[in-house]
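There are 2 protein chains.
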Amino acid sequence: MKVYLYIASSLNGCIARKDGSTNWSAEDNTSYLSFCRQIEAVVMGRNTYEEYLKLPDSDWPNPKGTTVVLSSKKILPVNNFQVHIANNGPKEAIEILQNLGKKELIVIGGNKTWTSFMKEGLGDEIILDVEPYIFGGGISLFSGSVFETNLELLERKFLSSQTVQLHYRIIK
Amino acid sequence: MKVYLYIASSLNGCIARKDGSTNWSAEDNTSYLSFCRQIEAVVMGRNTYEEYLKLPDSDWPNPKGTTVVLSSKKILPVNNFQVHIANNGPKEAIEILQNLGKKELIVIGGNKTWTSFMKEGLGDEIILDVEPYIFGGGISLFSGSVFETNLELLERKFLSSQTVQLHYRIIK
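The listed protein sequences derive, respectively, from chains A and B.
So the first sequence is numbered by the working numbering: it starts at 1 and just counts up by one.
So the second sequence is numbered by the working numbering: it starts at 1001 and just counts up by one.
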């Protein structure tokens, strides 16, 4: 299973202000949605899932694909898409998708979910959109756990005049 | 007074592991030293200064320029270079340099010192070298204070095949 992590962050590695809000624009979102829709399956945490449930169906990251939601609580899928729930962390999410014949997935957040994949050594590539803001005291893109990863820069590009996308391979 | 901040960080906005160590290579250091030596004056915090005192004189960031060390403790300059001590924060450092006829300075760390300049709205440009590592649970490039800054991307370049330099104007 090839595992991508897709993250947008401020210059100082925060995915949002302390209250969860961001300044990311709809323009930046285009690259994110197009990436999600190229990949067979999406994995997200419960909080991210609950945020998506508040949005119109047209914002759903992969309408034609499969989604796995990581949740330690027992919850039920409730929207119009193909959603599975994994109660036992990233390895179970991968198993569910393998059993469905999927060969790739993209982890779209939040920070606990990205961290759980990284800590278990399950990520293969990371795509980071660096946004032109500093959120001092914001929410870090990885939660506080201690781990370390070496990366190999594969590609960088401009998403707009202000947003730089850095794409790395995770060295194992 | 034009104020630059020069920072090297991991992809997730950490300037070092929790123990203060990094993986930054001597190769990356070349751009940093050349930048410091183009600017009239350097400002650093006391911890950074004490780290420099352990190194040979050839590593000093600006041998021909002026340095101001921010320190809340009373300390005395002890090496072979032109060093002043500011006990009352970034504004005093700027005053000292203005009185010497300087028109620009570069803040080289650590994170408390960068944060104090940013919180007081004293930074004009920020240069960030993004290194190909993730330090989960590392030391953030800004200490925990809550502040927010909008940036304008001026330039980006490769320092090596692996290190990307992003250069921003701080929007006030």
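Even glycine gets a Cβ: it sits at the ideal position worked out from N, Cα and C.
Rounded to whole angstroms, B/Ile1127 and B/Phe1135 show a C-alpha spacing of 20 angstroms. Of all alpha-carbon atoms in B/Leu1033, B/Met1001, B/Ile1007 and B/Arg1169, the one lying nearest the alpha-carbon of B/Asn1111 is that of B/Ile1007.
Residue burial annotation: A/Gln165 is buried, with at least 16 other C-beta atoms found within 10 angstroms of its C-beta. For the pair A/Lys102 and A/Arg37, the Cα-to-Cα distance works out to about 14 angstroms. Burial is judged here by how many other beta carbons sit within 10 angstroms of a residue's own beta carbon; A/Ser10 has at least 16 and is buried. In the DSSP assignment, B/Ile1106 falls outside any alpha helix (DSSP H) and within the unbroken beta strand (DSSP E) covering Glu1104 to Val1107. Here B/Ile1171 is exposed. Its C-beta has fewer than 16 other C-beta atoms within 10 Å. In chain order, Ile134 and Gly136 make up the part of chain A whose C-beta sits under 9 angstroms from the C-beta of B/Met1118.
A/Pro90 counts as buried, since at least 16 other C-beta atoms from the protein chains shown sit within 10 angstroms of its C-beta. Of all residues in the region 27–48 of chain A, none has a C-beta nearer than 8 angstroms to a C-beta of chain B. Going by beta carbons, B/Val1043 and B/Val1068 fall inside the 7 angstroms limit. Here DSSP, grouped into helix, strand and coil, assigns B/Leu1153 to strand. Within the model, the alpha-carbon separation for A/Ser21 versus A/Asp59 is close to 17 angstroms. It is roughly 20 angstroms from the alpha-carbon of B/Ile1039 to the alpha-carbon of B/Gly1121. Per DSSP, B/Lys1112 is one residue of the alpha helix (DSSP H) stretching across Asn1111 to Lys1119. Between B/Ile1015 and B/Ile1106, the gap from beta carbon to beta carbon reaches 7 angstroms or more.
With a cutoff of 7 angstroms on beta-carbon distance, A/Gly13 and A/Leu141 are scored as near each other. Contact check for B/Glu1125 against B/Tyr1032 fails: the beta carbons are separated by 7 angstroms or more. For A/Leu5, no Cβ of chain B is located within less than 7 angstroms of the residue's own Cβ. Residue state for A/Ile75 is assigned as coil, using DSSP reduced to three classes.
Within chain B, no C-beta atom comes less than 9 angstroms from the C-beta of A/Glu155; the nearest is roughly 11 angstroms away. By the neighbour-count criterion, in which a residue is buried when 16 or more other Cβ atoms sit within 10 angstroms of its Cβ, B/Phe1117 is buried. Scanning A/Pro132, A/Gly144 and A/Ile108 for the CA closest to the CA of A/Tyr52 turns up A/Ile108. Secondary structure of B/Asp1057 (DSSP, three-state): helix. For A/Ile7, the secondary structure class from DSSP, reduced to helix, strand or coil, is strand. Chain order gives the chain B residues near A/Thr149 as Tyr1133, Ile1134 and Gly1136, where near means a beta carbon separation below 8 angstroms. Non-local beta-carbon contacts of A/Leu154 in its own chain, meaning distances under 8 angstroms to residues more than five positions away in sequence, involve Glu125, His167, Tyr168 and Arg169 in chain order.
Scanning its chain for C-beta atoms nearer than 7 angstroms, with the 5 sequence neighbours on each side dropped, one finds around A/Ile75 the residues Arg46 and Ile85, in chain order. A/Lys2 carries a strand assignment under DSSP once its states are collapsed to helix, strand and coil.
For A/Gln165, no Cβ of chain B is located within less than 7 angstroms of the residue's own Cβ.
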